[in-house]
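To start, the structure under review is shown below, and the notes come after it.
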Amino acid sequence: MTSRLVVLGSCGAWPEPGGACSGYVLEHRGYRILLDLGYETLSRLLQLLDSTAGDGLDAVVVSHHHPDHMVDLHGLFRARWFGHRGASPLPLYATPKVYETLVALEDDDDTELRQVFDAHPLPAGAYQLGPFQLTSVSLPHFVPNAGVRLSAPDLTVAYTGDTGPHRALVELGRDADLYVMEATARDQQASAPRSTAVPRLHLRASEAGQAADQARARRLLLTHFWPGNDRRQSAEAAAGAYGGEILVAHDGLEIALPG
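Each residue of the sequence shown is one higher than the one before, counting from 0 in numbering that gives the first Met the number 0.
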């Protein structure tokens with residue numbers, strides 16, 4: 000297995016026609032982690048795994064319970080329950096409401112869920128996931144959101160989930176080989192309602208660039224674009240603050256990683 004990050008989906012809020020929302024697969028040293036699983040991502044994941052039952056995953060990490068980040072997790076549960084019943088429970092690291100949402104979809108009965116997922120809370124202390132140490136931090140959003148950092152001896156990948164500007168973004172992405180950052184950039188949409196939230200709870204692309212630059216991240220992957228946004232414009236805005244390599248997420252993008 001090569002070391003890479005595969006983008007399953009890159010839209011925020013809802014998928015553009017033919018697109019999908021947040022979902023990423025990180026592969027390194029024979030270990031495969033799923034990061035988020037929003038609208039329209041499950042079929043792409045199963046295609047990547049070449050398994051209708053979702054075999055081939057080692058762990059799942061979900062940043063928060065908004066459906067554009069986790070709704071297809073219920074589909075993964077069904078794939079595992081009906082397609083590979085009796086398999087060892089898949090470790091699930093997520094904010095508590097993620098698991099609670101799954102339970103609600105199962106009529107408040109988690110008997111079968113507990114046989115498919117072994118749930119662990121985020122944010123929390125460090126966890127060991129194969130070659131990675133998973134650390135997490137609370138970041139500002141409309142609901143509890145965990146930014147995560149996955150560090151192996153030869154690779155570090157950080158992921159914000161959804162967040163507004165916050166000083167913790169610098170430490171989260173410190174010296175990361177790849178910093179995956181939301182760049183919702185609703186300011187591109189003149190018709191979008193202006194948020195009155197204080198602090199703001201999504202990033203502009205320029206703010207993602209600024210945080211990545213302060214963190215000295217080696218590469219920046221912009222993602223979670225508001226449907227209809229000009230992604231090239233987002234990259235240009237980030238480049239005004241960040242001097243490293245900027246990648247723009249699109250569905251199916253594969254990024255080679257060290258190791």
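Yeah, the Cβ is synthetic: ideal placement off N, Cα and C, and Gly gets one too.
Note that the structure is predicted; figures quoted are calculated from it, not measured.
- Of the residues Leu-221, Arg-28, Ala-145, Gly-208, the one placed nearest Lys-96, counting alpha carbons only: Ala-145
- Query: Cβ of Ile-32 within 9 Å of Cβ of Ala-52?
  - Reply: no
- Task: Reducing DSSP to helix, strand and coil, say where Met-69 ends up.
- Result: helix
- Query: Secondary structure at Gln-188, three-state DSSP: helix, strand or coil?
  - Reply: coil
- Task: Going by DSSP, name the residue or residues bridged to Arg-79.
- Result: According to DSSP, Arg-79 bridges with nothing at all.
- Proximity of Met-180 and Leu-128 at Cβ, strictly below 9 Å: no
- Could you pull out every residue in the same chain whose Cβ sits closer than 6 Å to the Cβ of Leu-246, ignoring the five residues on either side in sequence? Leu-220
- Message: Looking at Gly-172: is its Cβ nearer than 9 Å to the Cβ of Ala-125?
- Response: no
- Run through the segment 190 to 244 for me and flag every whole beta strand (DSSP E) of 3 or more residues, listed as ranges in chain order. 218 to 222
- Item | Between the CA atoms of Val-61 and Gly-8 - distance to the nearest angstrom | 14 Å
- Task: Work out the CA separation of His-64 and Gln-213 for me, nearest whole Å.
- Result: 29 Å
- Query: Which one or two residues does DSSP pair with Pro-90 in a beta bridge?
  - Reply: Asp-117
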